[in-house]
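When the sequence shown is numbered by the working numbering, its final residue is 415 and no position is left out of the sequence of numbers.
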Amino acid sequence: MSSFSFDRDNSLYKNRDALLEEYTPDNLVGRDEELEEYHAALQPIINGEAPSNIFLYGKSGVGKTAATRFLLNRLQDDAAKYDDISLNVIEINCDGLNSSYQVAVRLVNTLRDPSEQISNTGYPQAQVYSFLWEELDKLGGTVIVVLDEVDHINDNSILYQIPRARSNGYLEHAKIGLVGISNDLSFRDSLSAKVRSSLCEKEVSFPPYDATELQKVLSQREQVAFHDDALAEDVIPLCAAYGAQDAGDARQALDLLLEAGDLARKEAVEQVIDDHVQEAREKLERDRIMEGVADLTEHARLVLYALTSLEAEEETPARSRDIRPRYEQLCNHVGTEPLTSRRMRDHLADLAMLGVISSTEKNEGMSGGKYRKHALKQDLQLVVTALEDTIEFAGVHESIRPYYQTTFEDAEN
3 MSSFSFDRDN SLYKNRDALL EEYTPDNLVG RDEELEEYHA ALQPIINGEA
53 PSNIFLYGKS GVGKTAATRF LLNRLQDDAA KYDDISLNVI EINCDGLNSS
103 YQVAVRLVNT LRDPSEQISN TGYPQAQVYS FLWEELDKLG GTVIVVLDEV
153 DHINDNSILY QIPRARSNGY LEHAKIGLVG ISNDLSFRDS LSAKVRSSLC
203 EKEVSFPPYD ATELQKVLSQ REQVAFHDDA LAEDVIPLCA AYGAQDAGDA
253 RQALDLLLEA GDLARKEAVE QVIDDHVQEA REKLERDRIM EGVADLTEHA
303 RLVLYALTSL EAEEETPARS RDIRPRYEQL CNHVGTEPLT SRRMRDHLAD
353 LAMLGVISST EKNEGMSGGK YRKHALKQDL QLVVTALEDT IEFAGVHESI
403 RPYYQTTFED AEN
């Protein structure tokens with residue numbers, strides 16, 4: 003039996019953790035205008051004034067959370083210099099919390115001793131809010147409540163209650179500022195007028211990074227994460243170009259650089275080169291598709307299975323009316339009622355947004371009208387692998403049998 007030992011390998015990395023999401027650099031690059039706006043919105047706190055409520059919005063990976071942690075860390079350090087300022091920051095991520103009630107419970111439990119936690123059920127909402135006001139008043143001073151991914155909350159209650167808590171007489175000692183962070187660009191418009199006026203006193207929009215800005219971000223992390231000359235000259239520009247192509251997402255660009263570095267370290271080579279970046283991109287894309295398909299609903303997977311079988315028959319791009327018979331056949335096999343044509347088209351649109359399929363609009367004028375044609379955007383073998391459980395449940399269609407057999411054989415090996 004082979005024996006394995008673990009020896010430290012620092013040949014490429016100085017500090018690999020500098021490429022991780024939780025790392026906050028000493029300075030943020032590529033977000034100068036946004037930081038200036040955000041800084042101005044936080045300035046009243048250091049002046050001893052009531053904090054503003056701030057709403058940040060922009061797509062995932064554009065620096066909203068990083069900017070928040072960076073500036074609030076600075077704010078806490080600077081506030082400590084003043085005897086008349088007591089500042090506390092509470093940050094929670096709302097992913098997995100779909101109601102104001104759940105968010106309020108999480109805030110109460112964050113503020114309380116572990117022995118005094120409350121459960122997620124069993125209390126009237128008004129009582130949970132009362133617990134929250136009590137804990138906040140115990141802190142006193144200025145309290146900044148950060149709700150990241152706030153668009154996961156299905157109701158507006160807490161987004162109205164927290165900003166108005168002091169003016170409504172619920173708080174005597176604490177001054178509360180709410181920072182809401184959203185990846186959903188339409189979330190603001192979905193808020194009621196009274197919530198919008200409370201939460202969005204100050205707004206900061208974070209646009210996607212361009213390739214030049216991403217190069218600055220990656221170069222800054224490179225200096226901390228890697229030894230000198232550990233990266234070939236074209237690695238940073240290539241990662242930045244891919245990041246800009248992927249919706250200007252700094253997180254994806256950093257993940258790509260990290261994966262490329264790990265591949266180079268696995269090969270025990272002295273330098274990360276563009277081949278490592280290409281291989282890393284393919285691996286991350288495979289992982290993204292596998293995870294995305296796994297998260298789909300049953301009917302979305304059946305729609306994708308139908309299109310995949312047509313792809314294997316070289317019958318794509320295909321209109322939804324051509325996909326539907328195959329989809330209905332699969333529904334019959336699993337004993338479920340097919341969705342309406344409209345809902346099926348909605349699933350096709352979602353699959354296109356996920357990047358698994360491509361949808362191209364056609365316009366044949368008065369005679370044929372407008373319609374969309376759909377095809378796989380990802381490798382057929384990869385999609386079959388991602389759909390393995392669905393294929394096993396619905397039955398192996400003859401057209402994808404060679405690809406499914408390959409998947410099965412790979413799993414066996």
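Glycine residues also receive a C-beta, built at the ideal position from the N, C-alpha and C atoms.
Status (buried if at least 16 other CB within 10 Å, exposed otherwise) for residue i
{"i": "residue 382", "result": "exposed"}
{"i": "residue 335", "result": "exposed"}
{"i": "residue 3", "result": "In this prediction, residue 3 scores a pLDDT of 47, lower than 50, which makes its location untrustworthy; no coordinate-derived value is stated."}
{"i": "residue 415", "result": "For residue 415, the predicted structure reports a pLDDT of 48, less than 50, and the residue's modelled location is therefore unreliable. A value from the coordinates is still provided. By the 10 Å Cβ count, residue 415 comes out exposed."}
{"i": "residue 116", "result": "exposed"}
{"i": "residue 185", "result": "buried"}
{"i": "residue 215", "result": "buried"}
{"i": "residue 181", "result": "buried"}
{"i": "residue 150", "result": "buried"}
{"i": "residue 407", "result": "exposed"}
{"i": "residue 177", "result": "buried"}
{"i": "residue 109", "result": "buried"}
{"i": "residue 314", "result": "buried"}
{"i": "residue 245", "result": "buried"}
{"i": "residue 99", "result": "buried"}
Rounded straight-line distance, which links the Cα of residue j to that of residue i
{"i": "residue 125", "j": "residue 170", "result": "22 angstroms"}
{"i": "residue 12", "j": "residue 19", "result": "13 angstroms"}
{"i": "residue 7", "j": "residue 179", "result": "51 angstroms"}
{"i": "residue 354", "j": "residue 141", "result": "48 angstroms"}
{"i": "residue 468", "j": "residue 251", "result": "Residue 468 lies beyond the range of the chain shown here (3 to 415); nothing can be said about it."}
{"i": "residue 210", "j": "residue 193", "result": "23 angstroms"}
{"i": "residue 337", "j": "residue 307", "result": "16 angstroms"}
{"i": "residue 212", "j": "residue 139", "result": "44 angstroms"}
{"i": "residue 113", "j": "residue 137", "result": "6 angstroms"}
{"i": "residue 93", "j": "residue 152", "result": "11 angstroms"}
{"i": "residue 33", "j": "residue 278", "result": "28 angstroms"}
{"i": "residue 405", "j": "residue 386", "result": "7 angstroms"}
{"i": "residue 160", "j": "residue 197", "result": "9 angstroms"}
{"i": "residue 158", "j": "residue 402", "result": "47 angstroms"}
{"i": "residue 9", "j": "residue 391", "result": "39 angstroms"}
{"i": "residue 2", "j": "residue 388", "result": "With the chain covering 3 to 415 only, the question about residue 2 has no answer from this structure."}
{"i": "residue 73", "j": "residue 147", "result": "14 angstroms"}
{"i": "residue 324", "j": "residue 130", "result": "53 angstroms"}
{"i": "residue 253", "j": "residue 270", "result": "26 angstroms"}
{"i": "residue 294", "j": "residue 300", "result": "13 angstroms"}
{"i": "residue 122", "j": "residue 284", "result": "41 angstroms"}
{"i": "residue 393", "j": "residue 303", "result": "9 angstroms"}
{"i": "residue 52", "j": "residue 172", "result": "16 angstroms"}
{"i": "residue 84", "j": "residue 175", "result": "18 angstroms"}
{"i": "residue 26", "j": "residue 264", "result": "21 angstroms"}
{"i": "residue 35", "j": "residue 69", "result": "11 angstroms"}
{"i": "residue 96", "j": "residue 164", "result": "15 angstroms"}
{"i": "residue 364", "j": "residue 384", "result": "27 angstroms"}
Member of the options whose CA lies at the smallest distance from the CA of residue i
{"i": "residue 332", "options": "156, 344 and 312", "result": "312"}
{"i": "residue 81", "options": "94, 145, 112 and 115", "result": "145"}
{"i": "residue 243", "options": "233, 255 and 234", "result": "255"}
{"i": "residue 348", "options": "52, 365, 326 and 264", "result": "326"}
{"i": "residue 374", "options": "367, 366, 361 and 384", "result": "361"}
{"i": "residue 87", "options": "15, 70, 96 and 49", "result": "49"}
{"i": "residue 62", "options": "47, 35, 99 and 23", "result": "23"}
{"i": "residue 339", "options": "365, 356 and 305", "result": "305"}
{"i": "residue 397", "options": "280, 282, 296 and 328", "result": "328"}
{"i": "residue 28", "options": "71, 133 and 47", "result": "71"}
Pair within 8 angstroms by beta-carbon distance, residue i and residue j
{"i": "residue 67", "j": "residue 183", "result": "yes"}
{"i": "residue 166", "j": "residue 200", "result": "yes"}
{"i": "residue 21", "j": "residue 30", "result": "no"}
{"i": "residue 273", "j": "residue 266", "result": "yes"}
{"i": "residue 208", "j": "residue 64", "result": "yes"}
{"i": "residue 359", "j": "residue 372", "result": "no"}
{"i": "residue 236", "j": "residue 276", "result": "yes"}
{"i": "residue 143", "j": "residue 89", "result": "yes"}
{"i": "residue 203", "j": "residue 54", "result": "yes"}
{"i": "residue 309", "j": "residue 376", "result": "yes"}
{"i": "residue 259", "j": "residue 220", "result": "yes"}
{"i": "residue 238", "j": "residue 222", "result": "no"}
Proximity test, Cβ basis, 8 angstroms: residue i and chain B
{"i": "residue 236", "result": "Here there is only one protein chain, and chain B is not present."}
Practice task
Flag this pair as touching only if the segment 36-48 and the segment 222-232 have three or more C-beta atom pairs under 8 angstroms; answer yes or no.
Solution key: no
Handout entry: Meets three-Cβ-pair contact criterion under 8 angstroms: the segment 104-120 and the segment 46-59
Key = no
Handout entry: Cβ contact check for the segment 319-328 and the segment 241-259: 3 or more pairs under 8 angstroms
Key = no
Practice task
Would you check if the segment 288-298 and the segment 341-348 touch, i.e. whether three or more CB-CB distances between them fall below 8 angstroms?
Solution key: Cβ pair count under 8 angstroms is below three, so no.
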